[in-house]
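Chemist: These protein sequence lines map, in sequence, to chains Y and E. Its first residue numbered 1, the first sequence is counted upward by one per residue in the working numbering. Its first residue numbered 1001, the second sequence is counted upward by one per residue in the working numbering. Glycine included, each C-beta is placed from N, C-alpha and C at the ideal position. Quick one: structure below, then a few questions.
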Amino acid sequence: MALGAALLAGGAAAGAQTPGAYRSEEPTAEIVISATRQNDEVITARVVASMHDDPYLLSDHITVVTEGGIVHVRGVVTDVTDLYRALQLARRIAGSRRVRNELELITDVECHD
Amino acid sequence: MQGAIGLGDTYIGLRNHVWGQIKFGEMYMPYKTSTDRLNPFAGQLGNYSTIMGNTGGDNRVEFGTRMDHAIVYDSPNWSGFSFDLAYSLGQNPDPNNNITSLGSTDCSGGNTPGSGNLFLNCDDGGFNNAYSGDLKFEMGGLYLTAAYELHQNVNRSSDGVGANNPIYGYYAGLGNGVSPLLDWADYNAYFAEYPGAAVAGSPEYSTAYDMGNEWAMKFGGQYHFDFGLTISVLYEDMHRDLPAIMEFQNERQRTGDWVSIDYVFPNGKDRIAAGWAHAGASVGDPGGQHNFNPNGIGDNEANMYTLAWWHKLDKQLTWYADLADTANDGNAHYDIGAGGHGIKTDCHDATHPLFIDYSSAGPTTWGGCHELGISTGLNFKF
Chain Y
1 MALGAALLAG
11 GAAAGAQTPG
21 AYRSEEPTAE
31 IVISATRQND
41 EVITARVVAS
51 MHDDPYLLSD
61 HITVVTEGGI
71 VHVRGVVTDV
81 TDLYRALQLA
91 RRIAGSRRVR
101 NELELITDVE
111 CHD
Chain E
1001 MQGAIGLGDT
1011 YIGLRNHVWG
1021 QIKFGEMYMP
1031 YKTSTDRLNP
1041 FAGQLGNYST
1051 IMGNTGGDNR
1061 VEFGTRMDHA
1071 IVYDSPNWSG
1081 FSFDLAYSLG
1091 QNPDPNNNIT
1101 SLGSTDCSGG
1111 NTPGSGNLFL
1121 NCDDGGFNNA
1131 YSGDLKFEMG
1141 GLYLTAAYEL
1151 HQNVNRSSDG
1161 VGANNPIYGY
1171 YAGLGNGVSP
1181 LLDWADYNAY
1191 FAEYPGAAVA
1201 GSPEYSTAYD
1211 MGNEWAMKFG
1221 GQYHFDFGLT
1231 ISVLYEDMHR
1241 DLPAIMEFQN
1251 ERQRTGDWVS
1261 IDYVFPNGKD
1271 RIAAGWAHAG
1281 ASVGDPGGQH
1291 NFNPNGIGDN
1301 EANMYTLAWW
1311 HKLDKQLTWY
1321 ADLADTANDG
1331 NAHYDIGAGG
1341 HGIKTDCHDA
1351 THPLFIDYSS
1361 AGPTTWGGCH
1371 ELGISTGLNF
1381 KF
């Protein structure tokens, strides 16, 4: 999204100088989507890395997918501490982007009794 | 199943993301699983199952037990809504459900044969078919659920005190004052002390009297706040359908309440939780069985308070400290253990005093006890 915004800003600046050239320098939809996808992958990689590097979060069964700037945190956690920590890390990296909690919390009683 | 490894839910089934999943085997019912997430103290002292779903306060959870021969359907999630339905085939060849079901080693409901006052019988809660279901809604941090469960023809003959039970009559007729089931010295001394106890007024023994459907419904809610706080509430209403003549001993019909708060610290490694469970008064009480109190029927409410702290030492290892305190009224004997799972006390002691429990010769159960327990340990998740 950030890269896409930068391309759009560049096009607007060029348009201010030569109105006739504005349309031709506006990035195509394909470029914007491609930039967004690239940025999604960067966000996903950063969230996954932060979860992996966290000394307390058991993230073996957590999956992160970013689509259209929305960060989806999926998978299974067995501890509510891990649930909150995973979302906390995702939100910290996502910044103003949305983070959707799609985690399933499986409590101890289901595991042990 | 207590403390065993490898005896958890066992089933086979089919699953599809469009139509959900269907399972066949031995497993927990939707009534229980729908509110597992409201219980931060699962498997520890102060587990809400000590009171919630546990009709009489004994060491089992009638409305929270694993069922044999069960068929369970779990629906997919439709915009936050989902439901689960279950049916457990009774398979009990005895019309009074007084023996174990075919293919089962335990009585229906998880009780052990002989838990009541009759040798090897399932007269302390054996039942036939069971039905269970729930409706759930989850959106963002909000979770709401309603659940219902029915047990058909539950045999509670052992709550009938047995003074007029043919088996008791047989042993009494021997006249030798000794039996593997009864200590007649205690029994007679008890009557001398409490001639007005319910045992003396029991109607003549009849399975027709003490067979009845038991059902329960509950409504629960939970909210996760983004800053780490979780609040859970649960209300439960349990019933036993009996003729009016038997209501005096109906300790299985009451309400229950549960509230818990759970906070995860921003450091991602510490968590604390507090809970309160309340058992409402039942409509009757088998006074004289093991928890007689001259204060009479209704003096059998209980409150349980739980505090716990978890501290993660690394990704998989967590240390915990847990405290539970249960205050029983004179006729109540709720535990601090996990209602049949893990440590249990059930107000038992190692003595065999007079006037307390004439129906067994072992450690006896006291009504009105005040139990306090502390537990600490390590939990490693593989």
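Would E/I1272 and E/W1319 be called neighbours here (beta carbons separated by less than 9 Å)?
Modeler: As a first step, residue 1272 of chain E is located in the second sequence; it is residue number 272 there, counting from the start. As a first step, residue 1319 of chain E is located in the second sequence; it is residue number 319 there, counting from the start. Their beta carbons are not under 9 Å apart, which means E/I1272 does not touch E/W1319 by this criterion.
Chemist: Y/S96 CB to nearest chain E CB: under 9 Å?
Modeler: Numbered from its first residue, the first sequence carries residue 96 of chain Y at position 96. No, Y/S96 does not count as interfacial toward chain E.
Chemist: Tell me whether E/S1104 sits in a helix, a strand or coil according to DSSP, three-state version.
Modeler: The sequence position of residue 1104 of chain E within the second sequence is 104, counting from 1. DSSP places E/S1104 in coil when its eight states are reduced to three.
Chemist: Residues in the stretch 1255–1267 of chain E with C-beta within 9 Å of chain Y's C-beta atoms, listed in sequence order?
Modeler: D1262, V1264, F1265, P1266, N1267
Chemist: Once you ignore the five residues that flank Y/E102 on each side, which residues in its own chain have a CB closer than 7 Å to its CB?
Modeler: The residue labelled residue 102 of chain Y in the question sits at position 102 within the first sequence. Contacts found: H72, V73, R74.
Chemist: May I ask you to list the residues that DSSP assigns as paired with E/K1023?
Modeler: Position 23 of the second sequence holds residue 1023 of chain E. In DSSP, E/K1023 forms a bridge with E/G1013, E/V1072.
Chemist: For the candidate residues E/Y1131, E/A1130, E/T1145, whose alpha-carbon lies nearest to that of E/F1137?
Modeler: Locating residue 1137 of chain E in the second sequence gives position 137, where the first residue counts as 1. Ranking E/Y1131, E/A1130, E/T1145 by Cα distance to E/F1137 puts E/T1145 first.
Chemist: Do you know offhand how far E/V1161's Cα is from E/Y1028's?
Modeler: What you label residue 1161 of chain E is simply residue 161 of the second sequence in a count that begins at 1. What you label residue 1028 of chain E is simply residue 28 of the second sequence in a count that begins at 1. The predicted position of E/V1161 is uncertain, since its pLDDT is 46 and thus under 50; no value can be drawn from it.
Chemist: Roughly how many whole angstroms lie between the Cα atoms of E/M1052 and E/G1268?
Modeler: On the second sequence, position 52 is the one that residue 1052 of chain E refers to. On the second sequence, position 268 is the one that residue 1268 of chain E refers to. Their backbone Cα atoms lie some 30 Å apart in a straight line.
Chemist: Is the CB-CB distance between E/D1134 and E/Y1223 below 9 Å?
Modeler: To locate residue 1134 of chain E, count along the second sequence from 1; it is residue 134. To locate residue 1223 of chain E, count along the second sequence from 1; it is residue 223. Against a cut-off of 9 Å, the Cβ pair of E/Y1223 and E/D1134 comes out as no contact.
Chemist: Taking its Cβ as the centre, do 16 or more other Cβ atoms sit within 10 Å of E/T1230, making it buried, or is it exposed?
Modeler: Numbered from 1 along the second sequence, position 230 holds the residue referred to as residue 1230 of chain E. It is buried - the Cβ of E/T1230 has at least 16 other Cβ atoms within 10 Å.
Chemist: To the nearest angstrom, how far is it from the Cα of Y/A9 to the Cα of Y/A90?
Modeler: In the first sequence, the residue the question calls residue 9 of chain Y occupies position 9. In the first sequence, the residue the question calls residue 90 of chain Y occupies position 90. A caution first: Y/A9 carries a pLDDT of 38, below 50, which makes its placement in the model unreliable, though a value can still be read off. Using only the alpha carbons, I get a separation of about 28 Å.
Chemist: Leaving out five residues on either side along the sequence, give the residues of the same chain with a beta carbon under 7 Å from the beta carbon of Y/I93.
Modeler: Numbered from 1 along the first sequence, position 93 holds the residue referred to as residue 93 of chain Y. A distance below 7 Å between beta-carbons, with the five flanking residues on each side excluded, links Y/I93 to the following residues of its chain, in chain order: I43, R46, V47, S50.
Chemist: Note down the Cα distance separating Y/V99 from E/N1303, rounded to an integer number of angstroms.
Modeler: What you label residue 99 of chain Y is simply residue 99 of the first sequence in a count that begins at 1. What you label residue 1303 of chain E is simply residue 303 of the second sequence in a count that begins at 1. Whole-angstrom Cα-Cα distance: 40 Å.
Chemist: Is it right to say E/A1200 is buried, meaning 16 or more other beta carbons lie within 10 angstroms of its own, or is it exposed?
Modeler: The residue labelled residue 1200 of chain E in the question sits at position 200 within the second sequence. Confidence at E/A1200 is low in this model, with a pLDDT of 43, below 50, so the placement of that residue should be treated as unreliable; the coordinate-derived value is given next. With fewer than 16 other Cβ atoms within 10 Å, it is exposed.
Chemist: Going by C-alpha to C-alpha distance, which of E/S1132, E/V1264, E/D1094 sits closest to E/S1034?
Modeler: Here residue 1034 of chain E refers to the residue found at position 34 of the second sequence. Closest in alpha carbon position to E/S1034, among E/S1132, E/V1264, E/D1094, is E/S1132.
Chemist: Taking 9 Å as the CB-CB cut-off, is Y/V73 touching chain E?
Modeler: Walking along the first sequence from the start, residue 73 of chain Y turns up at place 73. Not an interface residue.
Chemist: Measure from the C-beta of Y/R91 to each C-beta in chain E and report whether the shortest distance is under 9 Å.
Modeler: Along the first sequence, read from residue 1 onward, the residue named residue 91 of chain Y stands at position 91. Interface residue, yes.
Chemist: Quick check on E/W1309 - is its C-beta less than 9 Å from some C-beta in chain Y?
Modeler: Counting from one through the second sequence, the residue named residue 1309 of chain E turns up at place 309. Chain Y contact via Cβ: absent.
Chemist: Under 8 Å Cβ-Cβ, which residues of chain E neighbour Y/T63?
Modeler: On the first sequence, residue 63 of chain Y is found 63 positions in, with the first residue counted as 1. For Y/T63, there are no neighbours in chain E by C-beta distance under 8 Å, as the nearest C-beta there is about 16 Å away.
Chemist: Identify every residue that forms a DSSP beta bridge with Y/R92.
Modeler: Counting from 1 along the first sequence, the entry for residue 92 of chain Y is found at position 92. Per DSSP, none; premise fails for Y/R92.
Chemist: Is there contact between the stretch 1005–1021 of chain E and the stretch 1071–1086 of chain E, where contact requires at least three CB pairs shorter than 8 Å?
Modeler: yes
Chemist: By DSSP, does E/R1156 sit in helix, in strand, or in coil?
Modeler: As a working note, residue 1156 of chain E is residue 156 in the second sequence. Coil.
Chemist: What first and last residue would you give for the alpha helix (DSSP H) that runs through E/K1032?
Modeler: Taking the first residue of the second sequence as position 1, residue 1032 of chain E is located at position 32. Following the DSSP letters along the chain, one finds E/K1032 inside the alpha helix (DSSP H) bounded by residues 1030–1033.
Chemist: Helix, strand or coil for Y/L82? Go by DSSP, reduced to three states.
Modeler: Indexing the first sequence from 1 puts residue 82 of chain Y at position 82. Looking at the sequence shown, residue 82 of chain Y is not Leu but Asp. DSSP places Y/D82 in helix when its eight states are reduced to three.
Chemist: Mapping DSSP to helix, strand and coil, what is E/P1093?
Modeler: Position 93 of the second sequence, counted from the first residue, corresponds to residue 1093 of chain E. If DSSP states are grouped into helix, strand and coil, E/P1093 belongs with coil.
Chemist: List the residues that DSSP assigns as beta-bridge partners of Y/G69.
Modeler: Within the first sequence, residue 69 of chain Y is the residue found at index 69, counting from 1. Answer is none; Y/G69 lacks a bridge partner.
Chemist: Chain E beta carbons: is any one of them nearer than 9 Å to that of Y/V47?
Modeler: Walking along the first sequence from the start, residue 47 of chain Y turns up at place 47. False, the Cβ-Cβ gap to chain E never drops below 9 Å.
Chemist: In chain E, which residues lie with their C-beta within 9 Å of the C-beta of Y/V53?
Modeler: The count along the first sequence starts at 1 and reaches residue 53 of chain Y at position 53. The identity of residue 53 of chain Y in the sequence shown is Asp, whereas the question assumes Val. Within chain E, no residue comes near Y/D53; the closest Cβ sits about 11 Å away, beyond 9 Å.
Chemist: Which one or two residues does DSSP pair with E/Y1087 in a beta bridge?
Modeler: Mapped onto the second sequence, residue 1087 of chain E falls at position 87. In DSSP, E/Y1087 forms a bridge with E/I1071, E/Y1131.
Chemist: Name the residues in the stretch 1012–1040 of chain E whose C-beta lies less than 8 Å from a C-beta of chain Y; which are they?
Modeler: Along the stretch 1012–1040 of chain E, the positions whose C-beta sits under 8 Å from a C-beta of chain Y are Y1028, T1033, D1036, R1037, N1039, P1040, read in chain order.
Chemist: Can you give me the C-alpha to C-alpha distance between E/N1059 and E/N1328, rounded to a whole angstrom?
Modeler: Locating residue 1059 of chain E in the second sequence gives position 59, counting from the first residue. Locating residue 1328 of chain E in the second sequence gives position 328, counting from the first residue. So the alpha carbons of these two residues sit roughly 15 Å apart.
Chemist: Of the choices Y/H52, Y/S59, Y/L87, whose alpha-carbon is the least far from that of Y/I70?
Modeler: Counted from its first residue, the first sequence places residue 70 of chain Y at position 70. Selected option, being the one with the closest Cα: Y/L87.
Chemist: Could you pull the start and end residues of the beta strand (DSSP E) that E/Y1263 belongs to?
Modeler: Counting from one through the second sequence, the residue named residue 1263 of chain E turns up at place 263. Taken as a continuous stretch (DSSP letters only), the beta strand (DSSP E) holding E/Y1263 covers 1254–1264.
Chemist: According to DSSP, what are the bridge partners of E/I1272?
Modeler: As a position in the second sequence, residue 1272 of chain E is number 272, starting the count at 1. In the DSSP output, where bridge partners are listed per residue, E/I1272 has E/Y1263, E/W1309.
Chemist: My output table needs one value for Y/I43: the three-state DSSP class, helix, strand or coil.
Modeler: Residue 43 of chain Y sits at position 43 when you count from the first residue of the first sequence. DSSP places Y/I43 in helix when its eight states are reduced to three.
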